[in-house]
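When you read off a place in the sequence shown, starting at 1, and then add 2, the result is the number in the numbering used here. Written below as structure tokens is the structure these notes are about.
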Amino acid sequence: MTIFEIDTQPGQNIGLLLFNDVTNSRELMHAAQTRSLDPEISLFNASMIPDVFPLLAAAHKALLSLRRSSLVTRSLHSELIYNFSGSKHITESFKRCGINETSNYILVARFNPTIEEIEAAKDLVKGKEIHLEELEKHADKQLIQKHFKISSLELEFSSLADAVTCRIAARDAM
3 MTIFEIDTQP GQNIGLLLFN DVTNSRELMH AAQTRSLDPE ISLFNASMIP
53 DVFPLLAAAH KALLSLRRSS LVTRSLHSEL IYNFSGSKHI TESFKRCGIN
103 ETSNYILVAR FNPTIEEIEA AKDLVKGKEI HLEELEKHAD KQLIQKHFKI
153 SSLELEFSSL ADAVTCRIAA RDAM
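Structure, rendered in structure tokens:
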């Protein structure tokens, strides 16, 4: 697990694990829907994530919402998926950026994980843990562009990760 400090939220961090060849996504999805994941984690369709930076922007927004007691979803970890998606519709957010029954490439996120929670999260996912540096290589760039409405012209001036991050940051202002 790679741990990232959330600089804008003192004392807060987020741990990320990346898996491929996942065989139990149906069970994970059911556990997430019934809120029975232990520890509570966010489960992303990793092919929708072009880089770690947009995810950190979404984490900042989720922590800010928690601090302001203004979560839109039921938990901090579901708020992370909601904020990353760029959609104002919770169900649509989970359909686009969360896992589905056939997901085999999954990113797991946990706020402020303990060593025990990291091990428990690893045990939950039946797949091969891979290094986070693989994230960009396996991103579905066309699907990300379509979902976030990013034109080819925009990508001549900025990266895909920067374009996604801008949309995450500006969603509430639009």
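Every residue gets a Cβ at the ideal spot worked out from N, C-alpha and C, and that includes glycine. These numbers come from a predicted model, not from an experiment.
Buried versus exposed call for His62 [16 or more other C-beta atoms within 10 Å across all chains shown]: In the sequence shown, residue 62 corresponds to position 60, counting from 1. His62 counts as buried, since at least 16 other C-beta atoms from the protein chains shown sit within 10 angstroms of its C-beta.
Spatial neighbours of Asn85 in its chain, beta-carbon cut-off 7 Å, leaving aside the 5 residues before and after: Reading the sequence shown from its first residue, position 83 is the one you call residue 85. Excluding residues within five positions, the ones whose Cβ falls inside 7 Å are Ala60, Lys63, Ala64, Ile170.
Inter-residue spacing [alpha-carbon to alpha-carbon] between Leu20 and Pro41: Working through the sequence shown from its first residue, we reach residue 20 at position 18. Working through the sequence shown from its first residue, we reach residue 41 at position 39. Going by the C-alpha atoms only, they are around 16 Å apart.
Terminal residues of the beta strand (DSSP E) in which Phe21 lies: Within the sequence shown, numbered from 1, the residue matching residue 21 stands at position 19. Looking at the DSSP string, the run of the beta strand (DSSP E) that includes Phe21 is 15–22.
Burial state of Asn47 (16 or more Cβ within 10 Å): Taking the sequence shown and counting its residues from 1, the one referred to as residue 47 is at position 45. Answer is buried; the Cβ neighbour count reaches 16.
For Ile179, the first and last residue of its enclosing beta strand (DSSP E): Because the chain is modelled from 3 through 176, residue 179 falls outside the range shown and cannot be assessed.
Val54, DSSP secondary structure in three states: Sequence index remark: in the sequence shown, residue 54 carries index 52 (1-based). Three-state result, Val54: helix.
Where the beta strand (DSSP E) through Thr4 begins and ends: Translated into positions along the sequence shown, residue 4 becomes position 2. Counting along the chain, the beta strand (DSSP E) containing Thr4 begins and ends at 4–7.
The segment 75–89 / the segment 30–44 touching (three or more Cβ pairs under 8 Å): yes
Cα-Cα separation between Leu181 and Lys148, rounded to whole angstroms: The question about residue 181 has no answer here: the residues shown for the chain are numbered 3 through 176.
Residues near Thr167 by beta carbon distance below 8 Å, same chain, minus five either side: Within the sequence shown, residue 167 is the residue found at index 165, counting from 1. Cβ neighbours of Thr167 beyond the five flanking positions: Phe55, Pro56, Ala59.
Leu162 versus Asp53 - alpha carbon distance: By 1-based counting over the sequence shown, the position of residue 162 is 160. By 1-based counting over the sequence shown, the position of residue 53 is 51. The straight-line gap from Cα to Cα measures roughly 9 Å.
Closest residue to Ala141 among Gly100, Met50, Ser95 (Cα-Cα distance): For the purposes of this step, residue 141 is taken as residue 139 along the sequence shown, with counting starting at 1. Answer by Cα proximity: Met50.
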